[in-house]
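Residue numbers (the UniProt record's numbering): 1 to 405.
The structure is reproduced here in structure tokens:
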């Protein structure tokens, strides 16, 4: 089933799974029970990339707002509720969706710092706050984004009665948002949170369990394993980026929503000229910052650009072509991939502030988190090309039973 627009709402041909419906009802019941209580309460939704977290969260928001606006007999009637996300591209799509219905308002879809300032300005507390991509919340001050406190989640909790968060520790991308399971527990345990783990992979179609396991082995265990052909999901490894891009172009013409992505191993400076991703004789410009209302993944003109983890995180594609840059190599003796943090060009990711010390391992984990996100974008297919010769040879050898080009 091909996707035409975005992954935040279901198409006419799709329905929520039993697992998703159960979770939505659990959060609604939780909210109705807790809204009449005195103490603050948290509900944590966990799940990996592609587990349907955003679809569930947006459906929860719609149902809560329907109760707030229309059901006079509901304990949620006339409650003041918000949906927050600390991600510019995802915020754009949520705002757009909110403007398409009567029960959702754009003013209730905010970035975290805006929410904090707004609550302080009107000296009030929100009733229910839903936070998508909570692993992107700041864990230290960020004057550039006008956040002066030490942790956005703590500040949001102070200004809310019920908090529902979506969290995945394997999608942390920067030191200034350096979340771990332990750090989350230290903050939320005093509120005795309810937690729910989404386990099914909803993004990748076909018999995708083997592909998901292969990606997890690569990004979490640093292992490259064999992968047999997968029914219903097109997995291809390319020795030549030009050939990968040509097939991706064909898929984009056939079904749309197909894009080229790359690890952040190629130089760039935001808003300062055009910067390129190059592999051999292949060359294509990085994505450019766009201040419009349409996210990068949904703009047709962006097929001629290479997407980064920041423009694609949270979005689905029909087909994703991923260039794994020179920072990721392979060590034959250790039989493991090797991460060269010096070749990672995302300087903002590793920026450290006074009082915080991070290790080389922390840097490597962030780089592998980014790779994990990139590799799990495609619903119908994943194409891979790598810059490093040693890694290319290893992939060619072990993916011999998959489709090689």
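Note that beta-carbon positions come from the ideal geometry of N, C-alpha and C, so glycine has one too.
Across the structure, residue 333 and residue 388 are spaced so that their CA atoms are roughly 17 Å apart. Contact check for residue 168 against residue 48 passes: the beta carbons are separated by less than 8 Å. Per DSSP, the continuous beta strand (DSSP E) segment holding residue 197 begins and ends at 194-197. Of the residues assessed, residue 148 falls on the exposed side of the cut-off, its CB having fewer than 16 other CB atoms within 10 angstroms. Looking from the CA of residue 316, the closest CA among 339, 287, 374 belongs to 374. Taking all protein chains in view, the Cβ of residue 155 is crowded by 16 or more other Cβ atoms within 10 Å, so the residue is classified as buried. Among the bridge pairs identified by DSSP, residue 383 is matched with 236, 321. Burial is judged here by how many other beta carbons sit within 10 angstroms of a residue's own beta carbon; residue 357 has fewer than 16 and is exposed. Annotation for residue 285: the continuous beta strand (DSSP E) segment containing it runs 282-285. Sorting 31, 41, 91 by C-alpha distance to the C-alpha of residue 68 places 31 at the top. Going by beta carbons, residue 322 and residue 277 fall outside the 8 Å limit. Here the alpha carbons of residue 320 and residue 172 stand approximately 21 Å from one another. In the three-state scheme derived from DSSP, where H, G and I count as helix and E and B as strand, residue 224 is classed as coil. Secondary structure of residue 40 (DSSP, three-state): coil. Residue environment for residue 143: exposed (fewer than 16 other C-beta atoms within 10 angstroms of its C-beta). Two segments are said to touch when three or more pairs of C-beta atoms, one from each, lie closer than 8 Å; by this definition the segment 219-231 does not touch the segment 282-299.
If the five residues before and after residue 304 are omitted, its C-beta is found closer than 8 Å to the C-beta atoms of 284, 285, all from its own chain and listed in chain order. Judged by pairs of C-beta atoms under 8 Å, the segment 186-203 touches the segment 40-58, as three or more such pairs exist.
Sixteen is the threshold: since fewer than 16 other Cβ atoms of the shown chains lie within 10 Å of the Cβ of residue 199, the residue is exposed. Put simply, the backbone Cα of residue 176 is about 11 Å away from that of residue 135.
When DSSP reads this structure, residue 82 sits in a beta bridge with 129.
Secondary structure of residue 167 (DSSP, three-state): strand. Take residue 178, set aside five residues on each side of it, and the residues of its chain with a beta-carbon closer than 6 Å to its own are 139, in chain order. Cβ contact annotation for residue 220 (same chain, cutoff 8 Å, sequence separation greater than five): 170, 368, 372, in chain order. With 16 or more other Cβ atoms from the protein chains shown falling within 10 Å of its own Cβ, residue 365 counts as buried. Residue range 241-255 is occupied by the alpha helix (DSSP H) that includes residue 255, with no beta strand (DSSP E) assigned at that position. Between residue 191 and residue 57, the gap from beta carbon to beta carbon reaches 8 Å or more.
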